[in-house]
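In the working numbering, the protein residues as written are 210 to 806.
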Amino acid sequence: MLFLQGHGISTSLAVRIFKQYGQNSIEVVRSNPFQLARDVFGIGFRTADKIARQMGISLSAPERIQAGLLYCLSQFADEGHCFCPRRQLLDEAARLLEVSRMLCEEQLNALITAGDLFAEDTYPEDAGPDAKPNPDAQAIYLPPFFLAERGVTSRLSRIRLSARDRLADFKSVDWERAFTWLDGQIPIQLTDHQKTAVRMALTEKVSILTGGPGTGKSTITGSIIRLLKARGHSVLLAAPTGRAAKRLSEATGLEAKTIHRLLEFKPGGSGFTRDASNPLDADLVIIDETSMVDILLMNHLLGAIDQGSHLLLVGDMDQLPSVGPGNVLRDLIQCEVIPVTRLETIFRQDENSYIIVNAHNINQGKMPTIARSAHDFFLFSEQDPEKAADWVIDLVCHRIPRKFGFSSSTDIQVLSPMHRGAAGVAELNRRLQEALNPPAPGKAEYRHGSRVFREGDRVMQIRNDYDRQVFNGDMGIIERIDLEESAALIDFEGRSVQAEFSQLDELVHAYAVSIHKSQGSEFPVVVIPLLTQHYMMLQRNLLYTGVTRARKMVVLVGSRQAIAMAVRNDRIAMRNTRLARRMKEYKLPKKDLNYDG
């Protein structure tokens, strides 16, 4: 501990290093401090580089340049990319490391040769058979994302092309008779388009159902389940988050699990129990909120699906993509290999409700309607960020609870496009904690870095922790802080999980969260500050995602100009992925042409 603190490492990080390496900690730090950035959560390249410089490691040391290249690639992955073009990676690394591009290129080639990175030639979409690859555009991957893209492609293709079919009996169904029977079972008669979606899920091995709120995705899912049950078939339901799984259960009346729990993760580093050797036993697997599923999780999921099973992916492709790398749902729709049903007509619409109508308006590039008669969609006009933040605090703590009876603690969620600034996530969290959960006698609290965690705080997990079964985006309430045991007890959706104080950098306050982090969740009321100073983040799919998180009320705080900027900006930030192209070009190996799983 003295050695580590002597090199500027905080007590909490020193504890983590010791937990990771034990008695070898000093040896690891001395021999290659950059190893810390790979192995210890909370230590990034910049911290490791600072330690290395203190220990006399030169700017041009190969291990430093390799660590910098890996760091740059991990930063691109944090932005959602599966790979980085070679030239862009080298330029970024040379700038970060303050060394020549040539030195970076040497170490990049060394990493590729050693198998620590993968490189793949790329060609323009319209390239002819004699086209030559552009070396500068070569796709450079961290291994997990390269293997996951290839894994998703091959596994999905094998399910599609397998001769085995656990729902083969639906190929000979009298569909007119089946839908007549179904009309007597459900309160809403299906349209022809919805019937096509039902039939597709039961006759195609893999299919996609996409559409916005109120377009009938739940009705179709329920109809599919009724037909399966009528013929004695089994179904499994899952979604990426606990909240999304709970909503799916409520909509269908069947148990739905998170994908991680469906795959039965086994703590202790042994991975998922469900895989190709122990596949899920179901005739149909339905995954909801698929837009949230990143490339790594999709690869694990597909590896656990029996080759004879059907797979239905349900989601809204117009929402923000997954927090993790990839853009899986959009890529699978755009590859034009998998049959897709797009739902566009609004069916679920309460009289005088503007939430669903305005969500579709935004998605179509139209301004949302702000009507005096509205009871569930409001705009409080304010251009000044400080005053807008004041409005947010007042609305959450006083106005909305007083007028509509919603609880500040359990019903109202603030969603902000940005992390910084007066109306950003960080400052709003500080102010909302102060207003909603101030210090009090007998209420334990613990300061961790710049944050004070207090009993009763609303918090969010920001890192997957498979051993404790809590995942990035899970929200909970701090039930108890035990200063003697140096641990906090957190209630995640009815499940108590202990967090040691050294693990608190995996938690953030969640009185306000970013719109990105709200995906898959639904709240009675959302309050969204939207200001022109957020212009970097003002995109149509961001506002659309924020609005569609609300079940009963949306309150925008900001300016019409900012709303217009978001609505007009339909430029979706492209993510570097090659999944769509892989799906288009994939061919089963010759030995598998008669593949039966």
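Positions of the beta carbon are idealized from the N, C-alpha and C atoms, including for glycine.
Values in this document were obtained by computation on a predicted structure and should not be read as measured data.
Worksheet item: Can you find a CB in chain C that lies within less than 8 Å of the CB of leucine 445?
Response: Considering every chain present, this structure includes no chain C. It has just one protein chain.
Worksheet entry | Distance between lysine 761 and valine 601 (C-alpha atoms, nearest Å) | Taking the straight line joining both Cα atoms gives about 18 Å.
Worksheet entry | Length at least 3, wholly inside the region 686-715: the beta strand (DSSP E) runs in chain order | Those beta strand (DSSP E) runs which fall completely within the region 686-715 and span 3+ residues are 696-701 and 704-709.
Worksheet entry | Unbroken beta strand (DSSP E) run spanning leucine 418, endpoints | 415-420
Discussion item. Comparing C-alpha positions only, which one of Ala465, Gln275, Glu464 and Leu436 sits nearest to glycine 393?
Written reply: Leu436
Worksheet item: Is glycine 524 helix, strand or coil by DSSP?
Response: strand
Item to complete: Using 10 angstroms around the beta-carbon of threonine 786, count the other beta-carbons present and answer buried if the total reaches 16, otherwise exposed.
Response: Flag for threonine 786 reads buried.
Worksheet item: Among residues of its own chain, excluding the 5 on either side of valine 661, which ones have a beta-carbon nearer than 6 Å to its beta-carbon?
Response: Glu654
Fill in: Bridge partner(s) assigned by DSSP for valine 407
Bridge partners of valine 407: none, in fact.
Practice prompt. For glutamine 748, collect the residues of the same chain with a Cβ closer than 8 Å to its Cβ; drop the 5 residues on either side in sequence, then sort them by chain order.
Written response: Ala775, Asn778, Asp779, Arg780, Ile781 and Ala782
Worksheet item: Looking at the structure shown, is arginine 310 part of a helix, part of a strand, or coil, going by DSSP?
Response: helix
Worksheet item: How big is the Cα-Cα spacing for histidine 725 and aspartate 383?
Response: 44 Å
Worksheet item: Would the region 602-619 and the region 460-478 be scored as touching if the rule is three or more Cβ pairs under 8 Å?
Response: no
Discussion item. Quick test of the definition: if touching needs 3 or more C-beta pairs under 8 Å, does the region 374-381 touch the region 408-422?
Written reply: yes
Worksheet item: From the DSSP output, which residues share a beta bridge with leucine 213?
Response: Answer is none; leucine 213 lacks a bridge partner.
Discussion item. Between the alpha carbons of proline 650 and lysine 426, how many angstroms are there, rounded?
Written reply: 49 Å
Discussion item. Three Cβ pairs or more, each shorter than 8 Å: is that satisfied between the region 674-691 and the region 215-232?
Written reply: no
Worksheet item: Over what stretch of residues does the alpha helix (DSSP H) that includes proline 594 continue unbroken?
Response: Element bounds for proline 594: 594-603.
Worksheet item: Could you check where the beta strand (DSSP E) with alanine 372 kicks off and where it finishes?
Response: Here alanine 372 belongs to no beta strand (DSSP E), and DSSP marks it neither H nor E.
Discussion item. If you reduce the DSSP assignment to three classes, tell me which class phenylalanine 556 lands in.
Written reply: coil
Worksheet item: Looking at the structure shown, is proline 271 part of a helix, part of a strand, or coil, going by DSSP?
Response: helix
Worksheet item: In chain order, which beta strand (DSSP E) runs of at least 3 residues are fully inside the region 592-680?
Response: 621-625, 654-657, 660-663 and 667-670
Practice prompt. Using beta-carbon positions only, say whether methionine 507 and valine 546 come within less than 8 Å of one another.
Written response: no
Practice prompt. Closer than 8 Å by C-beta to asparagine 803: which residues in its own chain qualify, once you throw out the five before and the five after it? Chain order, please.
Written response: Bear in mind that a pLDDT of 47 at asparagine 803, under 50, signals an unreliable position, so the number given afterwards is only what the model happens to contain. Sequence-distant partners of asparagine 803 (beyond 5 residues in either direction) whose C-beta falls short of 8 Å from its own C-beta, in its chain, are Ala372.
Item to complete: May I have the straight-line CA-CA distance separating serine 659 from arginine 640, to the nearest angstrom?
Response: So the alpha carbons of these two residues sit roughly 14 Å apart.
Practice prompt. State buried or exposed for leucine 530, treating a residue as buried only when at least 16 other CB atoms are found within 10 Å of its CB.
Written response: The displayed chain sequence assigns proline, not leucine, to residue 530. By the neighbour-count definition (other C-beta atoms within 10 Å, threshold 16), proline 530 is a buried residue.
Practice prompt. Would you mind stating whether cysteine 606 and leucine 637 have Cβ atoms separated by less than 8 Å?
Written response: no
Worksheet item: Taking the Cβ atom as the reference point for each residue, do leucine 510 and leucine 472 lie within a distance shorter than 8 Å?
Response: yes
Discussion item. Give me the residue from Thr554, Pro548, Ala580 and Thr550 with the minimum Cα distance to serine 562.
Written reply: Ala580
Worksheet entry | Inter-stretch contact at 8 Å, needing at least 3 Cβ pairs: the region 580-599 / the region 737-744 | yes
Discussion item. Using only CA atoms, which one of Gly265, Ala261, His290 and Glu288 lies nearest to alanine 276?
Written reply: Ala261
Discussion item. Extract the residue ranges of the beta strand (DSSP E) inside the region 440-465, only unbroken runs of 3 or more that lie entirely within it.
Written reply: 444-448
Worksheet item: How close, in whole Å, do the beta carbons of arginine 452 and serine 730 come, if the pair is a contact with beta carbons under 8 Å?
Response: 5 Å between Cβ atoms; contact.
Discussion item. Taking only three categories from DSSP, how would you classify alanine 773?
Written reply: helix
Item to complete: Give the DSSP bridge partners of leucine 493, in chain order.
Response: Val444 and His519
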